[in-house]
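Going left to right, the sequence shown walks through residues 2 to 283 as the working numbering numbers them. Note that beta-carbon positions come from the ideal geometry of N, C-alpha and C, so glycine has one too. Below is one structure, written out as structure tokens; the observations come after it.
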Amino acid sequence: MEKTEKRDTAYTEAENGGSEKRSVIIVGASSGIGYETALRLLGRGYEVFNLSRSACTLRHVQNYTADVADGDSLEYAIRAAAANAKGLYGLIYCAGFSMAAPIEYASERDYRYLFEVNYFGALRAIRTVVPFLKEKGGRILLVSSMASIFPVAFDSFYSSSKAAVDMLAKSAAIELEPYRIRVSSVQPGGTSTEFTFKRKIYSDTEAGEYAPQVKRAAEALAHMEQGGMSAGEVAKSVVAALCDKNPPLLLQCGGWNKFYAVAKRVLPEKTSQYLNRKIYRQ
2 MEKTEKRDTA YTEAENGGSE KRSVIIVGAS SGIGYETALR LLGRGYEVFN LSRSACTLRH
62 VQNYTADVAD GDSLEYAIRA AAANAKGLYG LIYCAGFSMA APIEYASERD YRYLFEVNYF
122 GALRAIRTVV PFLKEKGGRI LLVSSMASIF PVAFDSFYSS SKAAVDMLAK SAAIELEPYR
182 IRVSSVQPGG TSTEFTFKRK IYSDTEAGEY APQVKRAAEA LAHMEQGGMS AGEVAKSVVA
242 ALCDKNPPLL LQCGGWNKFY AVAKRVLPEK TSQYLNRKIY RQ
């Protein structure tokens, strides 16, 4: 297991008055929401472990190399980090992958990889960390998306995987409640990170007759993300949920997203589908 350690000037002493330091494992803290979450947790005195293919550059973060699409790699890294933690309190799963592709022509290899990263990685992370949290309880946070509520045209696999993540959180919350392990799914809307530019977008040849629509959908999604919340704003919600004595099961980040979530429950499904077509297909 490759392990490196970095130092961060934002680090302060634990806020709990010198009692046992709490440790948190973040899957995907090398960039974006995970990075900003790690920064804020360090500022609160938490011990932070990052699991990802690339190291988190924040000082004081302890890095373990892991590929979330490789179950053995992820599970080994979680066990290694948990074994070295001073007082493991939480797991935050931030890894994600997105692709703009028509359902008809999407490669099975691509959509299976997407689910490995977005859903099965989260599932493996939960299964592996639970034995370490059972004795004292703790928190598990899965970073989902508003796309789990509002389907995104030509990014259907991403929306489907995030809806599965939400249901996983709901089910795990029931099963793990007797062990004082609270599970939450955090649902950011469009967020300005490098995630936008890492999305796999099918070429005209790959997308076939859907090519113009795929291009428009990808552009609309990129515009929404880059004009949306900052990763830091989302990280504040993640950290607040981690520290909350009674965290919400599903947490939308930002006032507008909370409004949209309520509207989705009230509006007819046809209205939601109409808005989706207007945003991603016109």
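> Ala56 to Ala67, Cα distance in whole Å?
Replying inline: If you number the sequence shown from 1, residue 56 lands on position 55. If you number the sequence shown from 1, residue 67 lands on position 66. Distance between the alpha carbons of Ala56 and Ala67 is about 10 angstroms.
> Which residues does DSSP pair with Ser24 in a beta bridge?
Replying inline: Looking up residue 24 in the sequence shown gives position 23. For Ser24, which the question treats as bridged, DSSP gives the partners Glu48 and Leu89.
>> On a Cα-Cα basis, can you pick out the residue from Ser160, Gly139, Phe196 and Gly97 that is closest to Ser185?
In response: Taking the sequence shown and counting its residues from 1, the one referred to as residue 185 is at position 184. The candidate whose alpha carbon is nearest that of Ser185 is Gly139.
> Hey, would you say Gly88 sits closer than 9 angstroms to Glu48, going by beta carbons?
Replying inline: As a first step, residue 88 must be located in the sequence shown, where it is residue number 87. As a first step, residue 48 must be located in the sequence shown, where it is residue number 47. Yes; because the gap between Cβ atoms is below 9 angstroms, this pair is in contact.
> Does DSSP put Val239 in a helix, a strand or coil?
Replying inline: Translated into the one-based positions of the sequence shown, residue 239 becomes position 238. Residue state, collapsed to three classes: helix.
>> Considering Cα atoms alone, identify which of Phe158, Pro179 and Ser53 is closest to Val131.
In response: The residue given as residue 131 occupies position 130 in the sequence shown. Comparing Cα-Cα distances from Val131 to each of Phe158, Pro179 and Ser53, the minimum goes to Pro179.
> Shortest alpha-carbon distance to Gly78 belongs to which of Phe98, Met100 and Ala126?
Replying inline: Position 77 of the sequence shown, counting from 1, holds the residue named residue 78. Residue identity differs from the one stated: residue 78 is Ala in this sequence, not Gly. Of Phe98, Met100 and Ala126, the residue nearest in Cα terms is Ala126.
> If we call anything under 9 angstroms between Cβ atoms a contact, is Thr192 one with Gly33?
Replying inline: Numbered from 1 along the sequence shown, position 191 holds the residue referred to as residue 192. Numbered from 1 along the sequence shown, position 32 holds the residue referred to as residue 33. For Thr192 and Gly33, yes; Cβs fall inside 9 angstroms.
> Bridge partners of Met147, per DSSP?
Replying inline: Reading the sequence shown from its first residue, position 146 is the one you call residue 147. Paired residues: none, contrary to the question.
> So Leu169 and Leu134 are in contact, right, with Cβ under 8 angstroms, and what is the actual spacing, rounded?
Replying inline: By one-based count along the sequence shown, residue 169 stands at place 168. By one-based count along the sequence shown, residue 134 stands at place 133. Going by Cβ atoms, the distance from Leu169 to Leu134 rounds to 16 angstroms, so no, they are not a contact pair.
> Is Ala30 helix, strand or coil when you go by DSSP?
Replying inline: For the purposes of this step, residue 30 is taken as residue 29 along the sequence shown, with counting starting at 1. Here Ala30 sits in coil by DSSP.
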